[in-house]
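A short worksheet on the structure shown next.
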Amino acid sequence: MSTSSADTGVDRGTSRPGSAPVKGAAPGRGTASAKRRSHPFARFVLVRLGVGVLLCLGITILAFGLTHAVPGDPVAANLGQRALNDPAAVAAFKAKNGLDDSLPSQYWTYLTNLLHGDMGTSQQTHRPVWDDLGDKIPASLELALAAIVLALVIGVGLGIVAAVTRGRWPDRIIRVVSLAGVSVPVFWLAQVAFYVFSFKLGWIQAGGRLSPGAIPPDDITGLYTVDSLLTGEWGTFGEAFSRMVLPACVLAAFNIGVLTRFTRAAVLEALGNDYVRAARAKGLPESTVIRRHALRPALTSILTVAGLTFGGMLAGTVLVENVLSWPGLGQYAYKSALNLDLPSIMGVCLFVAVVYVVINLLVDLLYGVIDPRIRLS
Amino acid sequence: MNATRIFLGDRLGAGRGNRSDPGRTGAPDAADERAARRRRRRANKSPWRSPLAVTGLVIIGVFLVAAVFASVISPEDPLAQKWPKYQAPSAEHWFGTDQLGRDILSRVIHGTRVSLPLALLLVVLAMVIGTVLGAVAGYFGGWIDMVVMRCADLVLAFPAIILAMAVVAALGPNLTNAVLAVVVVSWPTYARVVRGLVLSLRQSDFVQADRLLGASGWRVLAVDLRPNLAGPVAVLAALDLGNAVLLLSGLSFLGLGAQPPAAEWGAMVNAGSANFDAWWVAVFPGAAILLSVLAFNFLGDTLRDALDPRTARAIRG
């Protein structure tokens, strides 16, 4: 009766594409620890790490293949009409970007450069892609952190309420609300929220991380709210914080829906266990039963979803970032995609996917730490 | 072991119902009666009777009617630019007019002809591809399983919208490519769920019996497993329809899907961002997206509850 259902393959990581979780290799978990009894956890970690590295390699191939096996012509996209008519300029551009080599050798160059920390030069900004990403990552990270905290607090809370009041009216209302949350088109929600709260009521400022003329705080972490607090610039903090409210709420809306439904299901599942029955039988107050006996085991699966949601948020925010002009990864990816800027698209895809794999790995390891049955089974 | 789990789960479930009942201090026969009533009510509960599912069905019905009879229902030509631009909603133009002086109500109605058929088409495509790959991977195992599931993992490692964006940008921004892109990012979900189901069904007696009778693997898949997969896959597809509409309109919103002057909801919302004074330009098409997605989700969610709990857990979204 293990919680790990690797034997059936119907694992709890399966979800909808929006939140698209990855279970590296579900079968690996069972076989790995069965083979050697001595260091099951070490082996578990090793297998997960190996799968993660392979997945990263696959991602580089996919990102590379996707951007190269396509009809789009980067030469035409990047050179002006006059340069296009000049064969020397075209040849120079091709040579500079290695466009004349065979595909495998281009991939090999790409991969070795990558391992040296070189992701190529953005054809839009003419800067190293890694530098561009470095500018964008903190913005997206700040937004995603704010949104995930918001979504976790509200989503898990609503989920618990729904599970406890199963079938009665609070549960029904929460169900409709969470379904509405996953059904609303974020780009529209962002526009409507901006219109109502910023444009009409003027309650909060939105658009960008700071007002156009403002000087960002010293770069310590890159997160404006944290940096301004560290340097004691209260005005900047207020500004950065208030501008984050709208995008964070919009971004959280969808994820609140997902987390609520997941929490409800997980808590209900935990409530069906024998030990919950025993806890009630010995007369523990219901709140203790929920908190200590139902929520603890449910936390592991909530953790997975939260981790993967966070990974998805980092760049799944294209729509919100574009509407509210948040200068993050999503907006960068969108601009690169429009300009057929191959190195930048590959850079963003790669970064996001690797983050995804790493989060997945961390969640799996945390799982092992939290739930001994998984690492010792 | 699975059977035990289901059995125990049911028993515990029933026990829990009684226990959490606030009136359990009452006479035992009263509790029994209540339990019996509850059981009867549960037996009556067809997913098609739940208010959520009915609401969803009605909304979908309205949208379908609008799509079929769009040219009859809509008051004006969706492409005609013969009115003053940015007119607020009025008796003449219920939803107002847009930046080119087109009637928004007519455009929203005609939008059903773009979003709904395409969403259906791409969900069917993703469903067929994902189901076949997942079933083959699950049943035959070995290297096929390895290759298919690693591909699924790869696709799932990218946020759907980014990958779809990259695909569209690469192939060229138009509606056909947007649909292709959404198919590319949607199939792995089906493959995963179906593979899991096939893995657990493979061991069942009826499959073993058919194998002993000399059935080939393909026959087992088509004859024994297909009917067992149909229900869960249909529910998954219903849930996925909403996502498909969202993703497709999102791509169009970014200018990577439907191209002007097509009446597509996402693109219409985008047109609204040019002039915030004219709120009606974006609000109505957006509301149409919300309503249709909500309807699909109401339906899918209710249907999922009707599945057996173990299967439902596999496709929990």
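For the protein sequence lines, the chains are A and B, in the order given.
Numbering-wise (my numbering), the first sequence opens with residue 13 and increments by one.
Numbering-wise (my numbering), the second sequence opens with residue 278 and increments by one.
We put the beta carbon where it would ideally sit given N, CA and C, even for glycine.
Close beta carbons around residue i, own chain, < 8 angstroms, minus the five adjacent residues each side
i, result
"R488 (chain B)", "V497"
"N334 (chain A)", "F199, G342, Q343, Y346"
"S246 (chain A)", "Ser is not the amino acid found at residue 246 (chain A); the sequence shown has Trp there. So the qualifying residues of the chain are S240."
"V375 (chain A)", "L315, T316, G319, L320"
"I216 (chain A)", "F209, S210, S254, R255, V257, L258"
"A75 (chain A)", "I357, M358, C361, L362, A365"
"A156 (chain A)", "L263, F322, M325, L326, T329"
"V279 (chain A)", "G171, I172, A175, V176, I302, A306, L307, A310"
Residue(s) in a DSSP beta bridge with residue i
i, result
"E312 (chain A)", "Glu is not the amino acid found at residue 312 (chain A); the sequence shown has Thr there. Partner(s): none; T312 (chain A) has no beta bridge."
"P140 (chain A)", "A:T133"
"T374 (chain B)", "B:D380"
Top-ranked residue by Cα proximity to residue i, from the options
i, options, result
"L516 (chain B)", "B:A540, B:L457, B:F573", "B:F573"
"N451 (chain B)", "A:A264, A:V360, A:L350", "A:L350"
"F206 (chain A)", "A:L336, A:R139, A:L58, A:M131", "A:L336"
"L356 (chain B)", "B:A344, B:L341, B:V445, B:I386", "B:I386"
"L502 (chain B)", "B:L431, B:L568, B:L476", "B:L476"
"A414 (chain B)", "B:A458, B:V558, B:A437, B:G494", "B:G494"
"M442 (chain B)", "A:V102, A:V369, A:I371, A:S348", "A:S348"
"T579 (chain B)", "B:S323, B:F340, B:A313", "B:S323"
"D582 (chain B)", "B:A535, B:I566, B:R326", "B:R326"
"V456 (chain B)", "B:V470, B:V391, B:W557", "B:V391"
"V161 (chain A)", "A:M325, A:V370, A:V369, A:V360", "A:M325"
"G419 (chain B)", "B:T389, B:Y467, B:R472, B:L395", "B:R472"
"L527 (chain B)", "B:D354, B:G491, B:L567", "Checking the sequence, you will find Gly at residue 527 (chain B) rather than Leu. Nearest of B:D354, B:G491, B:L567 to G527 (chain B), Cα basis: B:L567."
"G284 (chain A)", "A:H305, A:L69, A:I268", "A:H305"
"A447 (chain B)", "A:T329, A:G62, A:L164, A:G77", "A:G77"
"F561 (chain B)", "A:T237, A:P229, A:V165, A:L201", "A:L201"
"G340 (chain A)", "A:G234, A:A277, A:D286", "A:G234"
"P537 (chain B)", "B:I336, B:G388, B:A458", "B:G388"
"N183 (chain A)", "A:N97, A:A277, A:R308", "Sequence check: residue 183 (chain A) is Asp here, not Asn. Per the Cα distances, A:A277."
"T354 (chain B)", "B:V400, B:M545, B:D380", "Checking the sequence, you will find Asp at residue 354 (chain B) rather than Thr. When only C-alpha atoms are compared, the closest one is B:D380."
"A264 (chain A)", "A:T124, A:S190, A:D113, A:T248", "A:S190"
"V194 (chain A)", "A:L67, A:V176, A:D113, A:A163", "A:A163"
"S550 (chain B)", "B:G543, B:A559, B:W542", "B:A559"
"L377 (chain B)", "B:G563, B:L584, B:L525, B:A555", "B:A555"
"I268 (chain A)", "A:K212, A:R187, A:V279", "A:R187"
"P436 (chain B)", "B:V424, B:F417, B:V461, B:M423", "B:V461"
"M423 (chain B)", "A:Y368, A:L66, A:W338", "A:L66"
"I336 (chain B)", "B:E310, B:A313, B:L393", "B:L393"
"G254 (chain B)", "B:Q485, B:A535, B:P509", "Beyond the ends of chain B as shown, which are 278 and 594, falls residue 254 (chain B); an answer cannot be given."
Own chain residues within Cβ distance below 6 angstroms of residue i, not counting five before or after
i, result
"L331 (chain A)", "V198, F199"
"M256 (chain A)", "A158"
"A290 (chain A)", "none"
"I382 (chain A)", "T312"
"W464 (chain B)", "A403, I406, G407"
"G303 (chain B)", "In this prediction, G303 (chain B) scores a pLDDT of 48, lower than 50, which makes its location untrustworthy; no coordinate-derived value is stated."
"V204 (chain A)", "none"
"Q480 (chain B)", "none"
"N454 (chain B)", "V445, L448"
"I166 (chain A)", "I268"
7 angstroms CB neighbourhood of residue i in its chain, flanking five on each side removed
i, result
"V570 (chain B)", "G519, V522, L523"
"F575 (chain B)", "L329, A330, T332, G333"
"R469 (chain B)", "G411, A429"
"G129 (chain A)", "W142"
Residue i at chain C interface by Cβ criterion, 8 angstroms
i, result
"G388 (chain B)", "The structure shown contains no chain C; its protein chains are A and B."
Whole-Å CB distance - residue i paired with residue j, under 8 angstroms assumed
i, j, result
"L377 (chain A)", "V59 (chain A)", "In fact, because the Cβ distance is near 11 angstroms, the residues do not count as touching under 8 angstroms."
"P352 (chain B)", "S383 (chain B)", "6 angstroms"
"N552 (chain B)", "Y363 (chain B)", "7 angstroms"
"L513 (chain B)", "T466 (chain B)", "7 angstroms"
"Y236 (chain A)", "E154 (chain A)", "7 angstroms"
"R308 (chain A)", "V301 (chain A)", "Contact flag wrong, Cβ pair sits at about 11 angstroms."
"L366 (chain B)", "W557 (chain B)", "Checking the sequence shown, residue 366 (chain B) turns out to be Pro, not Leu. The pair is a contact, with the Cβ atoms about 5 angstroms apart (cut-off 8 angstroms)."
"R311 (chain B)", "G70 (chain A)", "Their Cβ separation, rounded to whole angstroms, is 56 angstroms, which puts R311 (chain B) and G70 (chain A) out of contact at 8 angstroms."
"L525 (chain B)", "V459 (chain B)", "6 angstroms"
(request) Specify whether the segment 350-368 of chain A and the segment 170-178 of chain A touch according to this definition: at least 3 beta carbon pairs, one from each stretch, less than 8 angstroms apart. (result) no
| message | If contact is defined by three or more beta carbon pairs under 8 angstroms, each pair taking one atom from either stretch, is the segment 268-277 of chain A in contact with the segment 242-260 of chain A? | response | no
Report task. Would you be able to state if there are at least three C-beta pairs under 8 angstroms between the segment 281-299 of chain A and the segment 213-222 of chain A? Result -> no
Review point. Are there three or more Cβ pairs, one per stretch, closer than 8 angstroms when the segment 524-535 of chain B is compared with the segment 425-444 of chain B?
Key: yes
Report task. Flag this pair as touching only if the segment 367-378 of chain B and the segment 418-434 of chain B have three or more C-beta atom pairs under 8 angstroms; answer yes or no. Result -> no
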